[in-house]
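Q: This is the structure I have questions about; it appears just below.
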Amino acid sequence: MILSVSRRTDIPCRHSEWFMNRIRAGYAVVRNPMNLGQLGRIALTPDVVDCIVFWSKDPAPLMPYLKELDAMGYRYYFQFTLTPYGKNLEPGLRDKKEIEDCFRELARRVGSERIIWRYDPVVVNEVLDLNYHKKEFERLCRELQGCMRSITISFVDMYTKLGRGKTPAYEKEEEEALRSRAEKQLRPVTEEEMEELAAFFSHTASARGLSVNACCEGKDLTPFGVGRASCIDKAVIEDITGGNLKLKPDKGQRKGCGCYESIDIGAYNTCRNGCIYCYANHSPKSLEENLRKADRQGELLVGSVRDGEKVTVRKTASCLEGQYELPL
């Protein structure tokens with residue numbers, strides 16, 4: 001089993017203590033975000049978890065626990081998002097220079113082969129124009145050289161902040177305020193802008209021995225040197241684990257996703273990073289309500305199993321078919 005931690009929230013940054021408590025307990029309970037009455041118990045023991053994929057914009061709170069994870073026999077890698085944006089777009093994150101230092105320190109601890117840098121999403125507006133992105137991407141490539149195995153990009157999707165499903169009446173006014181705030185800073189990126197930036201990113205990265213891949217982009221960017229990303233990547237996981245994996249493409253993800261199947265233990269509306277472009281929080285009200293119910297000792301990230309609710313034990317097993325020798 002591949003464990004995703006997490007597409008739904010920044011667990012390394014915001015919920016690392018809860019995560020480690022669940023690792024020590026050997027299981028977690030997760031609500032299906034599409035059917036909140038459906039709960040699954042997920043085994044988290046090393047004999048079942050072949051690899052953990054961490055998604056984070058600042059994994060510093062998790063880093064003190066990496067030695068413990070190593071000692072327990074877990075294998076993992078990081079999807080580390082680092083963008084050149086300020087508090088207007090990413091209000092909950094600390095100073096980016098400190099996060100750049102964290103990136104380098106993480107690479108020193110776990111090795112560059114276990115870090116994928118996400119320059120994601122690319123937001124283009126009057127301030128963050130193409131020249132700005134070229135300058136900052138080149139700077140980050142230079143300052144983070146030797147700290148990653150590859151780079152993943154995407155261009156901002158305008159479905160974000162438009163809500164997921166029906167919005168409760170008491171949140172509609174709040175959601176409209178968020179929508180208005182986002183629309184002042186976000187706009188669709190044109191195809192011409194995508195092509196120009198893709199070509200620049202590819203050229204800049206290849207000069208440093210790095211590849212660039214696009215995550216879930218409808219436009220084919222291969223003519224500009226940008227491949228198709230597989231964020232939960234079978235080849236990467238096999239390289240890290242030293243084994244052959246029996247994995248299937250994940251049909252539950254959005255169109256264009258190249259990921260393989262995984263189980264995600266996160267929950268929406270639980271991230272204080274507050275990124276304006278992000279889909280993972282519906283509104284500040286729902287975020288605060290969920291965080292009031294968060295329990296570092298709990299089986300679930302948010303709340304608990306209610307009376308009468310049934311928890312189904314998910315069938316999980318290692319996907320390893322055989323071991324091969326890791327290169328020296």
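Counting from 1, one number per residue, gives the positions in the sequence shown under the UniProt record's numbering.
We put the beta carbon where it would ideally sit given N, CA and C, even for glycine.
Please read these numbers as outputs of a predicted model, since none were measured by experiment.
#1: With distances taken from CA atoms, which of M20, L291, T316 and K248 is nearest M63?
#2: Going by the beta-carbon positions, is the gap between T270 and A294 smaller than 8 Å?
#3: Using C-beta distances below 7 Å, list every residue in its chain close to C231, excluding the 5 sequence neighbours before and after it, in chain order.
#4: Can you check which of these residues, A71, I11 and P84, is closest to L140 by C-alpha distance?
#5: Taking just the CA atoms, how far does V311 sit from E126?
#6: Kindly indicate the opening and closing residues of the alpha helix (DSSP H) around D239.
#7: Could you tell me whether the region 41 to 55 touches the region 1 to 11, where touching means 3 or more Cβ pairs closer than 8 Å?
#8: Quick one: complete beta strand (DSSP E) runs, 3+ long, within the region 211 to 270?
#9: Does the separation of the CB atoms of residue 352 and L89 fall below 8 Å?
#10: Label residue 343 either buried or exposed according to how many other C-beta atoms from any shown protein chain fall within 10 Å of its C-beta, with 16 as the threshold for buried.
#11: Compute the distance between the beta-carbons of V302 and A280, then report whether it is under 8 Å.
#12: In the DSSP assignment, the alpha helix (DSSP H) including C13 goes from what residue to what residue?
#13: For T241, is the classification buried or exposed, using 16 other Cβ atoms within 10 angstroms of its Cβ as the cut-off for buried?
#14: Smallest Cα separation from K219: which of L186, H282, H203 and S154?
#15: Short check: CB of I23 to CB of L39, under 8 Å?
#16: For I52, which three-state DSSP category applies?
#17: Could you give the distance in angstroms between the alpha-carbon of P46 and the alpha-carbon of A25?
#18: Looking at C-alpha atoms only, which residue of I116, L82, C147 and L93 is the closest neighbour of F137?
#19: Using the rule of at least 16 other Cβ atoms within 10 Å of the residue's Cβ for burial, across every protein chain shown, is G165 buried or exposed?
#20: Which two residues bound the contiguous beta strand (DSSP E) that contains I151?
#21: If we call anything under 8 Å between Cβ atoms a contact, is V305 one with V29?
#22: Could you spell out where the alpha helix (DSSP H) holding L39 opens and where it closes?
#23: Please list, in chain order, all residues of the same chain as V156 whose beta carbon is under 7 Å from its beta carbon, the five residues on each side excluded.
#24: Kindly indicate which three-state DSSP category L93 falls into: helix, strand or coil?
#25: Which first and last residues belong to the beta strand (DSSP E) in which L3 is found?
#26: Where does the unbroken beta strand (DSSP E) through P61 begin, and where does it stop?
#27: According to DSSP, simplified to helix, strand and coil, what is R272?
#28: Count the other C-beta atoms from every protein chain shown that fall within 10 angstroms of the C-beta of P49, then say buried if there are 16 or more, exposed otherwise.
#29: Let's see if you can read the secondary structure: which residues bound the alpha helix (DSSP H) around T204?
#30: Could you give the distance in angstroms between the alpha-carbon of S283 and the alpha-carbon of R272?
A: With the given structure in hand:
#1: Nearest C-alpha to M63: M20.
#2: yes
#3: Q79, T152, C215 and C259
#4: P84
#5: 50 Å
#6: Secondary structure note for D239: its alpha helix (DSSP H) is the uninterrupted segment K234 to T241.
#7: These segments touch.
#8: 212 to 214 and 243 to 245
#9: There is no way to answer for residue 352, as the model of the chain reaches only from 1 to 328.
#10: Because the chain spans 1 through 328 in this model, residue 343 falls outside it and cannot be assessed.
#11: Against a cut-off of 8 Å, the Cβ pair of A280 and V302 comes out as no contact.
#12: I11 to R14
#13: Under the 10 Å beta carbon count, T241 is surrounded by 16 or more other beta carbons and is classified as buried.
#14: S154
#15: no
#16: strand
#17: Approximately 12 Å between the Cα atoms of the pair.
#18: Nearest of I116, L82, C147 and L93 to F137, Cα basis: L82.
#19: Note that G165 scores 40 on pLDDT, short of 50, meaning its location in the model is unreliable; the coordinates nonetheless yield the value given after this. Per the 10 Å Cβ criterion, exposed.
#20: That run of the beta strand (DSSP E) goes S150 to F155.
#21: yes
#22: Counting along the chain, L39 falls outside any alpha helix (DSSP H), though it belongs to the beta strand (DSSP E) covering N35 to A43.
#23: P121, V122, V123, L186, V189 and Y277
#24: Under the three-state reduction of DSSP output, L93 falls in the coil class, being neither helix nor strand.
#25: Boundaries of the beta strand (DSSP E) harbouring L3: I2 to V5, taken from the DSSP string.
#26: First-last for P61: undefined, no H or E at that position.
#27: coil
#28: This sequence places Val at residue 49; Pro is not what is there. Buried is the call here.
#29: T204 -> alpha helix (DSSP H) spans E191 to S206.
#30: 11 Å
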